[in-house]
Amino acid sequence: MEMNPLEAGTGRKKVALVIGSGGAKCAAALGLWQVLQEEGIQISMAVGSSGGSIYAAAISLGFDLHTTEELTLSLWTRDLMEGYATNLRRAMTGEARFNESSGLIDDGPLTERLRQAFGAASFNDARIPLYIVSTDFYTGESVVHDDGPVLDALRASIAIPMIIPPWQVGDRLLVDGAVSDPLPVDVAIKEGAQVILAMGFELPIRKRMRSYTAVTTHLNSLYMNNILKSTFAFHNLAHHAEVVLLLPELDPAIGAFSAEQFPTVIAEGARSAREQLPYLRRLLSTQPVD
Amino acid sequence: MNQPQNNRLALVIGSGAVKCAAALGVWKVLNRVGIEVDLLVGCSGGSLFATTMALGYSVDECIELTQRLWNRSITRKRDTRSFLKALLPQVFKFDERFGMFDDHAMLKNLRAVFGESTFTETVVPLYLVATDFHTGEPVVLDRGTLVDALRASISVPFIWRPWRVGERLLIDGAVSNPLPVDVAIREGVELILAVGFETPAPRRIKSISRFVFHLNSVMTNNLYRANFAFHNLAHHAEIITVMPDFTQQVTLFDTYLIPYVIQQGEHAMEQQLPYLQRLLGEIHSS
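Going down the list, the sequences are from chains C and H.
Mapping the first sequence onto this note's numbering, position 82 (from 1) lands on 82, and the numbers just tick up by one.
Mapping the second sequence onto this note's numbering, position 215 (from 1) lands on 215, and the numbers just tick up by one.
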């Protein structure tokens with residue numbers, strides 16, 4: 001239990017940045033990051049789940065905004081989905097085997113792009129403590145990564161069920177952090193954050209579903225949105241840390257491959273951050289009660 | 001019947017397929033010691049048991065009805081058309097009303113047991129939980145025919161197709177609210193007996209449909225824990241959890257294990273009985 005709620009010597013509160021799952025929409029975190037830099041607000045830790053973990057990692061490793069924008073554009077390109085339809089058909093007919101470590105796309109290119117961006121960086125290299133959340137494939141429990149290669153943690157955290165194959169780290173098979181903890185404010189609370197900036201995204205919900213995978217994707221979204229609401233409601237109620245929730249208002253039609261939309265996504269992230277600035281400043285200027 | 005005369009004790013039966021039969025073990029113990037339930041809430045598989053209890057059947061009748069409702073007949077026939085739709089979505093006009101099993105046998109069983117009965121015919125107020133297929137929100141059903149509400153509440157994704165009630169397309173309540181204690185809380189009861197189950201995860205995954213099913217189980221469990229943690233913390237009602245222990249794996253189709261499941265429910269309830277009786281005594285004397 002810390003005696004002094006302020007960080008030793010600095011007199012400032014411990015601010016955590018938590019970026020939830022939301023696929024390519026998580027780029028909105030870059031807008032938030034921009035606003036924090038402009039305002040000179042320093043953060044003490046970055047936490048990410050699923051798509052959000054990429055931005056949490058980039059921010060904590062000290063990537064600049066431009067590099068991270070470039071990374072976003074080169075990561076999510078349409079050709080990642082190559083072979084998807086064929087693989088699905090073969091999996092449905094039983095022509096191709098599909099087991100616990102399978103996915104419907106070849107993850108080679110995606111993993112390679114992550115490798116190019118994050119190389120051999122380890123959690124020790126982070127300038128700001130970094131925590132990435134994935135899920136144990138078998139037990140469904142959330143797994144917090146704070147050690148070892150960042151690449152492993154990222155790859156595990158973004159393993160969208162059925163699409164991107166789960167990822168083995170040590171003796172655990174891991175999938176998408178959104179399966180257990182889509183907006184991991186609990187990690188920031190456990191690490192002693194006093195103010196939590198949580199950027200969350202509800203997954204888009206479809207009106208028409210024309211394929212088996214459209215239905216599975218839709219159901220995953222329903223589950224993940226419901227888990228998001230329930231876990232957030234619980235942690236918000238159970239803990240005393242101040243949580244500032246940022247929910248960028250984005251067109252639900254923005255998909256992973258809407259590269260041309262990224263400027264809009266980032267701008268909306270910045271707007272939603274500015275909206276909360278007065279409140280955030282007030283939180284940062286007052287002394288914590290306990 | 002929708003107006004409880006007495007708002008003391010609610011029995012909430014969560015999702016858990018065949019394992020929900022453990023609620024009959026709980027019911028057996030309550031009947032034996034003469035504790036009356038004032039409100040019943042069911043979700044998914046739990047809906048079937050909540051409904052038979054709410055209609056006032058005896059424990060033995062409930063067990064017999066369960067066997068008529070839930071047996072091998074409901075999973076005997078695959079839905080070939082659904083399979084073809086999944087395989088060749090354009091040719092067979094794929095839509096969201098997709099399920100691996102033909103639901104005619106299940107509907108026949110439900111109609112044979114519940115006929116045209118409506119919620120107004122229950123002797124204990126009954127609430128069943130389903131999920132809006134499009135928005136993912138929980139939907140509490142407390143009017144209309146029991147068959148409609150049941151068929152909606154048990155529409156396990158990918159196993160049975162969603163069910164339309166009025167304007168809404170509904171699926172399994174487990175997708176939004178696997179153990180709906182909040183419904184009982186909203187109705188203002190003082191004590192809640194919550195019978196909940198974690199969904200087992202298969203160790204071996206050999207096909208894409210198993211993979212999808214496994215993930216749904218994992219997410220149902222996570223939602224179950226998070227929801228329950230929230231409601232347990234947020235509300236003042238006393239919640240007594242009854243979580244039967246199963247040393248044996250009980251999957252969706254293991255209906256032959258029902259006697260064992262009931263027994264485990266009975267054991268779990270007996271363990272909580274002294275506590276429940278003490279709380280009921282306190283309410284009685286206050």
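Idealized CB from N, CA, C, for every residue including glycine.
Secondary structure remark: continuous beta strand (DSSP E) runs of at least 3 residues inside the segment 186-253 of chain C, in chain order: 195-199, 242-246.
For residue 62/H, the uninterrupted alpha helix (DSSP H) segment begins and ends at 59-69. A distance below 8 Å separates the beta carbons of residue 73/C and residue 259/C. With respect to chain H, the C-beta atom of residue 55/C has no partner C-beta closer than 8 Å. When the five nearest sequence neighbours on each side are left out, the beta carbons in the same chain lying within less than 6 Å of the beta carbon of residue 56/H are those of 123, in order along the chain. By the Cβ rule, the segment 112-131 of chain H does not count as touching the segment 108-126 of chain C, because fewer than three pairs are nearer than 8 Å. Between the alpha carbons of residue 133/H and residue 43/C lies a distance of about 40 Å. The straight-line gap separating the alpha-carbon atoms of residue 115/C and residue 151/C is approximately 7 Å. The beta carbon of residue 96/C sits closer than 6 Å to the beta carbons of 90 from its chain, once the five residues preceding and following it are set aside; these are given in chain order.
Within the same chain, and ignoring the five residues on either side of residue 211/H in sequence, the residues whose Cβ sits closer than 7 Å to its Cβ are 205.
According to DSSP, residue 181/C shares a beta bridge with no other residue.
Contact annotation for residue 282/C against chain H: no contact, minimum CB-CB distance about 26 Å [criterion: below 9 Å].
One thing to note: residue 61/C has its Cβ no nearer than 8 Å to the Cβ of residue 266/C.
DSSP, reduced to helix, strand and coil, places residue 133/C within a strand of the structure shown. Contact between residue 166/C and residue 227/C fails: their C-beta atoms lie close to 18 Å from each other, not under 8 Å. Boundaries of the beta strand (DSSP E) harbouring residue 167/C: 167-169, taken from the DSSP string.
One Cα belongs to residue 177/C, the other to residue 121/H, and the distance between them is close to 45 Å. In this structure, residue 203/C lies away from residue 230/C, with their beta-carbon atoms at least 8 Å apart. Distance check between residue 100/H and each of 155/C, 92/C, 234/C places 92/C closest, using alpha-carbon atoms only. Chain-order list of chain C residues neighbouring residue 180/H: empty, with the shortest C-beta distance near 12 Å, by a criterion of under 8 Å.
Residue 135/H and residue 140/C have their C-alpha atoms spaced approximately 24 Å apart.
For residue 152/C, the enclosing alpha helix (DSSP H) has its first and last residue at 150-157. Remark: C-beta atoms of residue 45/H and residue 15/H approach each other more closely than 8 Å.
Close CB contacts of residue 261/C within its chain, under the 7 Å cut and outside five residues either way in sequence, are with 254 (chain order).
Using a CB distance cut-off of 8 Å, residue 124/C does not count as an interface residue toward chain H. The Cβ neighbour count for residue 187/H, taken over all protein chains shown within 10 Å, is at least 16; the residue is labelled buried. For the 8 Å CB-CB criterion, residue 21/C and residue 224/C form a contact. When only Cα atoms are considered, residue 245/H and residue 19/H end up about 10 Å apart. Annotated three-state conformation of residue 286/C is coil, per DSSP. Counting other Cβ atoms within 10 Å of its Cβ, residue 14/C reaches 16 or more and is therefore classed as buried.
DSSP places residue 244/H outside any alpha helix (DSSP H), giving it a letter other than H or E.
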